[in-house]
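Going by numbering that gives the first Met the number 0, 189 is the number at position 190 of the sequence shown; the sequence numbering is gapless.
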Amino acid sequence: MAFSDAVLLLADPPGLLPARQQMAVSLGFHIILACFGVAFPTIIYVVHRRGIVRDDPVALGLAKRWAKVSAVLFAIGAVSGTVLSFEMGLLWPGLMGRFGDVLGLPFAFEGLSFFVEAIFLGIYLYGWGRMPPRLHLAMLIPMGVSGIVGTFCVVSVNAWMNNPAGFSIRDGEVTDVNPWRAMFNDGVWLQFLHMWVAAFMVVGLVVAGVYAAGLLRGRDDAHHRLGFTVPFVFASVAAIAQPLIGHVLGMRIHDSQPAKLAAFELAETTEGPAPFRLGGVLVDGEVHGALEIPRLGSIIARNSFDAPVPGLDTVPRQDWPPVNITHLSFQSMVVIGTALAAGVLLYWLLRWRGRDLLDNRWFLRFAVIAGPLAILAVEFGWTATEVGRQPWTVWHILRTPDAATTMTGLWWSYSAVLVIYVGMTVGAWIVLRSMARRWRAGEADLPSPYGPPREDSVT
């Protein structure tokens with residue numbers, strides 16, 4: 000380690016490392032639950048509408064079951080989201096204390112969206128048999144819209160960190176605050192689209208994988224086939240669109256964050272045409288263990304056969320992100336996303352040619368693992384995005400050590416958060432497994448979570 004690096008480490012506040020670890024765990028946990036809040040209402044709407052229009056009891060049964068699953072996940076997401084809201088202020092006072100006026104608007108809208116989604120989820124859960132069918136179905140629309148709006152607001156804050164706008168700094172003070180300009184910054188639309196599509200890919204593949212597992216166990220019936228097909232259609236569209244959206248987003252990074260792009264491509268020096276380095280790590284200024292594919296780096300990053308890709312040599316050493324973590328996370332996301340897109344394309348191609356892969360055990364095994372792989376792709380993508388922005392919390396304005404708290408003893412709060420999240424994960428697994436066993440045993444109408452007792456049980 001160089002002497003200057005050692006000095007920087009000594010100057011870091013004591014709460015920086017635990018704050019980073021705690022925030023990473025909280026975000027990594029909550030983001031998967033947020034995906035269900037974004038995508039699940041739309042998928043439920045499709046099967047519920049099919050049940051009404053076609054008088055299909057199988058589709059209506061799926062809608063009722065999925066709604067109760069979404070209630071369990073929503074409850075857990077409410078806890079993890081609340082933890083995150085406190086962490087923003089407690090762990091990063093240098094960010095929120097200085098830029099709270101800039102970021103207050105999207106956080107306020109996100110809170111309102113959360114309450115709207117909760118209200119209409121409750122109405123939908125307890126509306127079965129108590130509301131006209133089409134009015135009951137319509138309750139899913141504000142649920143879905145509020146989930147999307149809330150996610151947009153949160154993503155807009157992250158996009159603002161990458162593309163700061165809507166304020167001026169005079170004599171070290173934040174002035175001329177325009178919260179609308181901050182919320183609708185230059186990077187928000189592409190970054191939100193990337194996250195929105197990722198949500199449908201995750202939820203679609205996870206839900207389809209549950210029914211693929213059932214098919215593998217011999218439960219070959221209309222319930223499992225429809226339960227697989229509807230979410231898999233959503234996931235297929237998302238998995239195919241996601242690499243294209245990511246490609247456009249990556250080209251924009253060339254102009255907005257060249258250091259992040261250099262880390263993505265493991266480019267020590269500026270090269271044109273640039274190769275694509277598959278794998279590999281940067282050790283003592285040299286790339287080791289990478290498989291280089293000529294020109295592909297320029298094609299992916301610049302949409303050109305010979306355009307140069309900026310290297311780390313264009314960035315001051317103190318402004319480099321953690322190169323190897325950023326590079327490997329980015330490539331893991333790309334490899335998994337490409338594999339998922341290829342898998343769904345193969346499925347629909349063979350189905351178009353008359354082959355039903357739902358009878359193929361190898362495909363069903365792929366469908367089972369596709370959900371966890373999609374989750375990993377999202378986690379790797381956020382790791383690449385966040386770690387690649389370092390050492391900045393707000394790009395070229397606020398460094399992460401300056402944003403972190405100076406409190407000590409944060410390892411205790413980090414440990415408490417870990418215990419809470421492990422407990423919620425185990426609890427959700429137990430509850431959902433219990434619900435699944437009761438459904439398989441023939442109980443068609445489980446009580447809704449936190450709901451009133453069924454009328455036939457009241458004496």
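The beta-carbon is built from N, C-alpha and C at its ideal position, and this holds for glycine as well.
Problem set entry | First through last residue of the alpha helix (DSSP H) which encompasses V393 | That residue, V393, is in no alpha helix (DSSP H); its beta strand (DSSP E) goes 391-393.
How about T41 and F199: do their beta carbons lie closer than 9 angstroms?
-> yes
*asked:* Assuming L409 and L94 are in contact, meaning their beta carbons sit under 8 angstroms apart, how far apart are those beta carbons, in whole angstroms?
replied: With a Cβ gap of about 16 angstroms, L409 and L94 do not count as contacting.
Inset, instruction - May I have a chain-ordered list of the alpha helix (DSSP H) segments no shorter than 4 residues that lie completely inside the region 333-419? - result: 360-388, 399-402
Practice problem: For the region 23-42 and the region 78-93, state whether three or more C-beta atom pairs, one from each stretch, are separated by less than 8 angstroms. | Solution: yes
- Message: Using C-beta distances below 7 angstroms, list every residue in its chain close to P242, excluding the 5 sequence neighbours before and after it, in chain order.
- Response: G336, T337, A340
7 angstroms CB neighbourhood of F231 in its chain, flanking five on each side removed = G203, A207
Exercise for the section: Given a cut-off of 9 angstroms, decide if L248 and I326 are closer than it, judged by their beta-carbon atoms. Expected result: First, the amino acid is wrong: residue 326 is His here, not Ile. Their beta carbons are not under 9 angstroms apart, which means H326 does not touch L248 by this criterion.
(Q) Using 8 angstroms for Cβ pairs, my map puts A383 next to F329. What's the rounded Cβ distance? (A) 4 angstroms
Tell me which residues share the same chain as V196 and place their Cβ nearer than 8 angstroms to its Cβ, disregarding the 5 neighbours each side in the sequence.
Here the set comprises A237, A240, Q241, I244.
Determine the closest residue to E270 out of P17, K259, P309, with distance taken between C-alpha atoms. P309
When you compare the region 115-123 with the region 61-76, are there three or more beta-carbon pairs, one atom per stretch, that lie closer than 8 angstroms? yes
| In terms of DSSP beta bridges, what is L290 paired with? | L277
Check your understanding: Is V154 helix, strand or coil by DSSP?
Key -> helix
* Mind checking which residues open and close the beta strand (DSSP E) that includes T174? => 172-174
| Expressed to the nearest angstrom, what Euclidean distance is found between the alpha-carbon atoms of G146 and G110? | 11 angstroms
Original post:
With a Cβ-Cβ cutoff of 9 angstroms, do G387 and A369 count as a contact?
Top reply: no
**Study point:** Proximity to M332 [Cα-Cα], best of R294, H246, P257
**Key:** Closest in C-alpha terms to M332, from the list R294, H246, P257, comes H246.
- Message: Could you give the first and the last residue of the continuous alpha helix (DSSP H) run that contains R133?
- Response: 132-137
Counted within 10 angstroms of its Cβ, other Cβ atoms place S112 as buried (16 or more) or exposed: Buried: at least 16 other Cβ atoms inside 10 Å.
So, with DSSP's three-state summary, where would you put S303? Note: S303 maps to coil in three-state DSSP.
Nearest neighbour of L356, chosen from C34, F98, D312, R224 [CA to CA]: Ranking the options by Cα distance to L356, first place goes to R224.
Check: Under three-state DSSP, which class holds T37?
Finding: Contrary to the premise, residue 37 reads as Val rather than Thr in this sequence. Helix.
- L139 versus K259: straight-line alpha-carbon distance, rounded: 39 angstroms
Between which two residues does the beta strand (DSSP E) carrying R53 extend?
It is not in any beta strand (DSSP E) - R53 carries neither H nor E in the DSSP assignment.
Self-check item: R218 - containing beta strand (DSSP E), residue span
Solution: It is not in any beta strand (DSSP E) - R218 carries neither H nor E in the DSSP assignment.
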